[in-house]
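As you go down the protein sequences, you meet chains A and B in turn. In terms of the numbering used here, the first sequence has 548 at position 548, counting the first letter as 1, and numbering is strictly consecutive. Just so we're on the same page, the numbering used here is the position in the second sequence counted from 1, plus 1000.
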Amino acid sequence: MKKLGILLISLAFVANSFAQKKEVQQGHTNQNKFKQLKDEFATPTDQRTASGAPGKNYTQQKVDYVMDIVLDDEKQKITGAETITYHNNSTDELAYLWLQLDQNMRAADSKTPDIETDNIPEKLSKAGFNKTFSKEAFDGGFKIMSVTNTDNSNLSYTINQTMMRINLPKPLASGATFKFNIKWWYNINNHRTDGGRSGFEHFDDGNNNYVIAQFFPRLCVYDNVEGWQNEQFWGRSEFALEFGDYTVSITIPDDHMLGATGVLKNESTVLSKKEQERLATAKKTFDNPVIIRTQEEAEKIEKGHSKKTKTWEFFAENVRDYAFATSRKFIWDAMAVNINGKTVMAYSLYSKEANPLYGDHSTRAVAQTLKTYSKYTFDYPYHKAISVDGQMGMEYPQICFNPGRPEADGTYTDRTKYRMIGVTIHEVGHNFFPMIVNSDERQWTWMDEGLNSYVQMLAMMDYEKGYPLSRGLPKNIVDYMNGDQSKIAPIMSKGDNVYSFGNNAYGKPATALWILRETIMGQELFDHAFRTYSQRWMFKHPSPEDFFRTMEDASGVDLDWFWRGWFYTTDVTDIGLKDVKKYYTTEGDDEVVFTEDASEGLGFSQKHKKYHYEITYNKPGGLVMPIIVEFTYKDGTKERKTYPAQIWRLNDNEVTKVFSSSKEIENIAIDPDLETADVDTSNNNWPQEKVDKFDKFKNKIKG
Amino acid sequence: MKTKYIFLLLFIIPLLSFSAHKYYLSLTQIKYKSETKSVQIIINVFMDDIESALNKDYNIDLKLTTKKELKDNTVYFKRYLKEKLHFKIDGIAKEFTFIGKEYDGDLVYFYLEIAEINQFKTIEVENNILIEHFPQQQNLTKCKLGEKHKSMLLTKEENSAKFTH
Chain A
1 MKKLGILLIS LAFVANSFAQ KKEVQQGHTN QNKFKQLKDE FATPTDQRTA SGAPGKNYTQ
61 QKVDYVMDIV LDDEKQKITG AETITYHNNS TDELAYLWLQ LDQNMRAADS KTPDIETDNI
121 PEKLSKAGFN KTFSKEAFDG GFKIMSVTNT DNSNLSYTIN QTMMRINLPK PLASGATFKF
181 NIKWWYNINN HRTDGGRSGF EHFDDGNNNY VIAQFFPRLC VYDNVEGWQN EQFWGRSEFA
241 LEFGDYTVSI TIPDDHMLGA TGVLKNESTV LSKKEQERLA TAKKTFDNPV IIRTQEEAEK
301 IEKGHSKKTK TWEFFAENVR DYAFATSRKF IWDAMAVNIN GKTVMAYSLY SKEANPLYGD
361 HSTRAVAQTL KTYSKYTFDY PYHKAISVDG QMGMEYPQIC FNPGRPEADG TYTDRTKYRM
421 IGVTIHEVGH NFFPMIVNSD ERQWTWMDEG LNSYVQMLAM MDYEKGYPLS RGLPKNIVDY
481 MNGDQSKIAP IMSKGDNVYS FGNNAYGKPA TALWILRETI MGQELFDHAF RTYSQRWMFK
541 HPSPEDFFRT MEDASGVDLD WFWRGWFYTT DVTDIGLKDV KKYYTTEGDD EVVFTEDASE
601 GLGFSQKHKK YHYEITYNKP GGLVMPIIVE FTYKDGTKER KTYPAQIWRL NDNEVTKVFS
661 SSKEIENIAI DPDLETADVD TSNNNWPQEK VDKFDKFKNK IKG
Chain B
1001 MKTKYIFLLL FIIPLLSFSA HKYYLSLTQI KYKSETKSVQ IIINVFMDDI ESALNKDYNI
1061 DLKLTTKKEL KDNTVYFKRY LKEKLHFKID GIAKEFTFIG KEYDGDLVYF YLEIAEINQF
1121 KTIEVENNIL IEHFPQQQNL TKCKLGEKHK SMLLTKEENS AKFTH
């Protein structure tokens, strides 16, 4: 027994040492780039279906406002009173309501400056120093005067920075409405010196141009995705708002010209006879803007400073917000636009400082936007769209504030012109995203900015042949995507938390859509799916999944890999040519033999009937993308071949593909038209290009 | 309260970031070429921004890409880059030669070269382009040494990078 015991021990010892040498393979989860996005997407419900459409039990709140607004031009102050009717269309009982107090972002106790880091600058200009270090702090923010029930009794509320909770006397049942009043005032910021998405611009002669928005306490969105969307307004990530009807009266100096959201109800009281006649002409004029208040008239009016006031009355049906612009400096022109048989008005309001740039292009840009966007989404449902010389770029329903002015002598460069037209198209385009396709910009900036920046490109191309596109083209996102990875966030990030906001939320998603349309899906499939999404979510609140799902559902193109790579990661495209081998064939009795031609380059050492190339493509980049290859033959003719992205499904690093031809190839190029945002094109050619951009420039200089 | 007022200046620009967001990004690409024994640098900046900075700093009116474009303006670009961009190779400051500039859409490209550089270990870049006038400016600086690519996003707070072979 003893011997057996020793034997067993030694056996165990051997087995053990054997086990130590042997490596046990570790498993892994599904890392395939084509794995469906089931883990990332929310589970479909009867409110939001798996197809990406609103479900049969989809609900949405409605909020109606009746407002009385007074602008004090002497003190640059807004005073307002509103009655809000909140319709609880959800299936939930609500114990409280949340309102947004956006102006509080510029209140003295705002935390917005506190979350920004800063340091002492090396030097400042004297003017800059004086402005920064000796300026009185601006007394901004809403001054809430009263919050009351309809019987004027006080209604309990709690303010948390830019958010206000209304503590309902009793919970609001599903299907019930709640009506209450708020009175407030605030000091308007000078947006030219202090920034902002609204405010006034001051002129030396005492005049002010007002572009007014976020001027009233307004309801937060309550939905089945976020509950209450009551994330603070820090200043960057914009707004999530409910639709409703607005009855608004605005009292301003009686010599001001005003533009606002909604249908003007008292045209005959606020416009002169002459202006009413010109407006009637404009409503029938589809080819050129008709001037309703001329520069000459405006210049005369701006010299006086009337102390009298006038009240403008508007009704806006089914809008998500409200804004207006007013000044005695405003020139006004108008043009009718035919949207599939319906007449929509394109308006522009601008001071003489913006003319002739605005006179030349503003209203035409508005009209083009309405036409192009209607073609790719849905017919513009409102009656008008206004572009205002607001010297910023900011959008509201039916009205937006735009930049760009000519030189003092009235001339302007192409850069000024295209920037002004580009921003105007962008801001008017926001009428579609998010004013109508009402995504949540507080959380997902890209859903309106990215989609809008993409359609903007189509409208710019329609505006003028050869319009210089910049943002949105794949080659123009390369510098950003190929940047410092520690400072890049995926598109699926909250706007407040990304490093390079313009590239992250505007440029990259616009490029992604451009690539889907031009390179991955094709125009027909893409356009149908994009239109389906727009129409499904018109006047509703889509989430990212609703967009991603609809684009697939309506096109029959699996795009999970594309969303995953472009929207959920910061991966880049880099596809290269790793190796090319050449073969010719010789025929035996019952087989064909391939023999390699080992000579240098792509040429063969002898003539053959058919030339076979075995090409190895590698992919240093993390993104999977189609391989677009252009073969240039020795006779100068070219041939294209595109391998779908799915070619990478079984090997994410490199793939080999045979290309056969009856002609010899001279050059092979990947992505010759720069369609894929390939971050390193130095490996895109075979034979490899030896001369880089620097050498080319230096050679050019030398002549 | 002093710090509060600094905010005012430094955050005017961020609050100006509206919906048609303008972004402040330049790109500096540095590459060492052993065959020419030189460090080659390509920089691109937005034309509007560089024009506005130069106009303010040198009290000129460049009017780039127009018929009235200021003649012989290269001298200002050269001067600006010499002021804002500094290189050290293995710890020793090196001057660059301004090869030239070209316009491409809304961008201006600059080509610079540091000649007669044999092997080295480190290259340091201090990049202050446009930072004074645009506090939000980000200067992406990339370096290719051999097969090694490295990127750094330089800002007002962090304006220099060191790349190692």
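All C-beta atoms in this analysis are idealised placements derived from N, C-alpha and C, irrespective of residue type, glycine included. Nothing here was measured: the structure is a model prediction, and the numbers come from that model.
Residue pairing from DSSP places F1046 (chain B) in a beta bridge opposite B:L1107. Only I1099, G1100, E1102, G1105, D1106, L1107, Y1109, Y1111 and E1113 from the stretch 1099-1113 of chain B bring a Cβ to less than 9 Å from some Cβ of chain A.
Shown here for E1124 (chain B): same chain residues with a beta carbon closer than 6 Å to its own, the five before and five after excluded, namely K1088 and K1162 in chain order. For I1050 (chain B), not one C-beta of chain A is nearer than 8 Å to its own C-beta. Fewer than three Cβ pairs drawn from the stretch 663-671 of chain A and the stretch 463-473 of chain A lie within less than 8 Å of each other, which leaves the two stretches out of contact.
Under the 8 Å criterion on CB atoms, K698 (chain A) is classed as interfacial with respect to chain B.
From the beta-carbon of N119 (chain A), the residues of chain B found nearer than 8 Å are K1156 and E1157. Close partners of S470 (chain A) in chain B (Cβ separation under 8 Å): G1105 and D1106. Here T162 (chain A) really is in contact with D102 (chain A); their C-beta atoms are around 6 Å apart, less than 8 Å. Residue-level contact by beta carbon holds for Q1138 (chain B) and chain A, with a gap shorter than 8 Å. The closest CA to that of Y380 (chain A), considering only A:M538, A:N402 and A:I69, is found on A:M538. Per the DSSP secondary-structure output, P253 (chain A) pairs in a beta bridge with A:T309. Excluding five sequence positions before and after P490 (chain A), the CB atoms of its chain that fall closer than 7 Å to its own CB belong to F567, Y568, T569 and T570, given in chain order. The three-state secondary structure of G52 (chain A), taken from DSSP, is coil. At a cut-off of 8 Å, the C-beta of G622 (chain A) has no neighbouring C-beta in chain B. The DSSP-derived three-state label of A354 (chain A) is helix. With contacts defined by Cβ atoms closer than 8 Å, E1113 (chain B) and Q1040 (chain B) form a contacting pair. In the assembly as shown, N402 (chain A) is a buried residue. Its beta-carbon has 16 or more other beta-carbons within 10 Å.
If one requires a minimum length of 4 residues, the alpha helix (DSSP H) runs lying completely within the stretch 555-600 of chain A are 560-568, in chain order.
DSSP places V423 (chain A) within a helical segment (H, G or I) once states are collapsed to three. Residues of chain A with a Cβ closer than 9 Å to the Cβ of I1089 (chain B) do not exist; the shortest Cβ-Cβ separation is about 18 Å. When 7 Å is used as the limit between beta carbons, I1042 (chain B) is near these residues of chain A: K693 and F694, in chain order. Collapsing the DSSP output to three states places F1077 (chain B) in a helix. For the 8 Å CB-CB criterion, S51 (chain A) and R549 (chain A) form a contact. Of all residues in the stretch 499-520 of chain A, only Y499, S500, F501, G502, N503, A505, Y506 and G507 place a beta-carbon less than 9 Å from a beta-carbon of chain B. Against T1065 (chain B), the close residues of chain A are T413, D414 and R415, in the order they occur along the chain (beta-carbon pairs closer than 8 Å).
R278 (chain A): not part of any beta strand (DSSP E); member of the alpha helix (DSSP H) spanning K273 to A282, first to last residue. The C-alpha of G450 (chain A) lies about 27 Å from the C-alpha of L1130 (chain B). Contacts with chain B (Cβ-Cβ distance below 8 Å) from the stretch 461-489 of chain A involve P468, S470, D479, Y480, N482, G483, D484, Q485, S486 and K487, listed in chain order. Take K375 (chain A), set aside five residues on each side of it, and no residue of its chain has a beta-carbon closer than 6 Å to its own. Rounded to the nearest whole angstrom, the CA to CA distance from N683 (chain A) to A459 (chain A) is 35 Å. The beta carbons of A282 (chain A) and V290 (chain A) sit closer together than 8 Å. In this structure, A:G262 is the residue among A:I250, A:F233, A:G262 and A:H256 with its C-alpha nearest to the C-alpha of G244 (chain A). Counting C-beta atoms within 10 angstroms of its own C-beta, N340 (chain A) has fewer than 16 neighbours from the protein chains shown and is therefore classed as exposed. T616 (chain A) is bridged by DSSP to A:D579 and A:T656.
At a cut-off of 8 Å between beta carbons, I386 (chain A) makes no contact with chain B.
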